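Each residue of the sequence shown is one higher than the one before, starting from 67 at the first, in the working numbering. Positions of the beta carbon are idealized from the N, C-alpha and C atoms, including for glycine. Everything numeric in this text was worked out from a predicted model, so none of it was measured. Let me begin by presenting the structure, written as structure tokens, before commenting on it.
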Amino acid sequence: MRLYTLSIPTPFSVGPVNVFLIVEDPITLVDTGPKTDEAFRALRDQVEARGVRLEQIRRIVISHAHEDHAGLAARLKEISDATVYVHPWDAPRLRQDADDHRARSLLRRVGVPPHVVEAFQTQRRRYRALLDPIPDVHLLDEGDELAFEVRSFRIVHTPGHTPGHICLWRPGNRTLLAGDTILKRITPNPIMSPDPRDDRRRFPSLRMYLQSLARLRDLAPTLIYTGHGREVDDAGAYYTNMQRHVRRRQSRLLELFPPQAVTAWEISLKLFPEVRQEQRFLALSETSAHVDFACEQGRLQREEREGIEYYRLT
67 MRLYTLSIPT PFSVGPVNVF LIVEDPITLV DTGPKTDEAF RALRDQVEAR GVRLEQIRRI
127 VISHAHEDHA GLAARLKEIS DATVYVHPWD APRLRQDADD HRARSLLRRV GVPPHVVEAF
187 QTQRRRYRAL LDPIPDVHLL DEGDELAFEV RSFRIVHTPG HTPGHICLWR PGNRTLLAGD
247 TILKRITPNP IMSPDPRDDR RRFPSLRMYL QSLARLRDLA PTLIYTGHGR EVDDAGAYYT
307 NMQRHVRRRQ SRLLELFPPQ AVTAWEISLK LFPEVRQEQR FLALSETSAH VDFACEQGRL
367 QREEREGIEY YRLT
């Protein structure tokens with residue numbers, strides 16, 4: 067089995083995305099890059115430089131259904147007739163049958179003003195243009211085996227960055243394809259999204275993310291391929307550093323709370339006062355995740371008024 071890391075450009079501030087070409091029957095691509103001409107040319111050229119034509123790709127595995135990781139999947143499927151795999155909880159986003167009404171409702175519940183809700187939805191539509199819908203997807207879930215002619219990977223469901231994020235684990239050589247669950251120089255952002263088990267609620271992204279990291283730590287991989295940037299070789303140290311980061315962020319969050327109850331939106335403006343407008347949703351996502359986590363830890367209490375959630379120190 068030959069595994070190649072391909073660096074594909076994106077229009078996002080995160081920079082290039084890592085796509086993985088696995089050359090062993092059936093030839094498999096893990097993630098694709100965004101739907102841009104520049105990304106397609108880079109992917110085609112790098113695949114062909116490894117002696118493979120796009121038409122030979124038989125499987126496309128999506129670590130999570132964000133545009134920078136899945137945007138070219140539909141175009142590649144049209145070229146190669148490859149089977150596209152994704153976790154059930156991210157499949158609606160890949161099919162693009164997610165409910166805009168639910169997204170607006172989540173934003174209103176955390177106190178986002180109506181004009182900002184519409185700005186976020188406009189931004190969301192721009193991002194959607196970087197991913198063509200794929201109605202026909204196959205599902206991969208925890209414990210499933212991704213078999214090759216000789217070797218195989220096991221699917222590890224790692225919810226957090228998205229509800230349906232998956233990693234590929236090869237126990238034989240302790241290699242992990244971690245997607246955006248582990249990143250070398252970036253803190254993965256827990257993106258605010260509906261809970262697939264009850265889409266009237268927010269997904270508890272930070273709690274689930276820390277649980278996913280603990281599982282990966284326990285696997286003790288010796289080589290971790292990440293979704294962006296360089297490889298990581300110590301999941302235990304990464305988990306410890308992330309716990310430290312979360313504790314610091316929680317402390318800062320709680321320091322910002324005034325005596326009266328406030329919304330997650332109001333706190334996000336204090337926690338990230340200088341963030342650029344195009345990054346404001348990410349700042350809100352991180353704030354909401356930390357507010358939810360603080361509630362779960364008993365540090366904040368939640369109350370609801372006219373469909374909007376407010377929080378105060380316990």
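Beta-carbon proximity check, residue 258 vs residue 351, cutoff 8 Å: yes
Residues in its own chain within less than 8 Å of residue 84 by CB, not counting five upstream and five downstream? 71, 72, 73, 74, 97, 291, 292, 293, 294, 295
Kindly indicate which three-state DSSP category residue 203 falls into: helix, strand or coil? coil
Figure out for me which residue from 141, 131, 176, 78 has the closest Cα to the Cα of residue 371. 176
Confirm, please, whether the CB-CB distance from residue 320 to residue 337 is below 8 Å. no
Start-end ranges of the alpha helix (DSSP H) lying completely within the region 99 to 132, minimum 4 residues: 103 to 115
Starting from residue 223, follow its DSSP beta bridges and name the residues at the other end. 232
Between which two residues does the alpha helix (DSSP H) carrying residue 309 extend? 301 to 321
For residue 250, is the classification buried or exposed, using 16 other Cβ atoms within 10 angstroms of its Cβ as the cut-off for buried? exposed
Measuring CB to CB, does residue 263 end up less than 8 Å from residue 327? no
Nearest to residue 300 by CA position, among 280, 316, 312, is which residue? 280
Can you list, in chain order, the residues of its chain whose CB lies under 8 Å from that of residue 220, leaving out five sequence neighbours each side? 209, 210, 211, 212, 234, 235, 236, 237
Considering only the beta carbon of each residue, do residue 226 and residue 247 sit closer than 8 Å? yes
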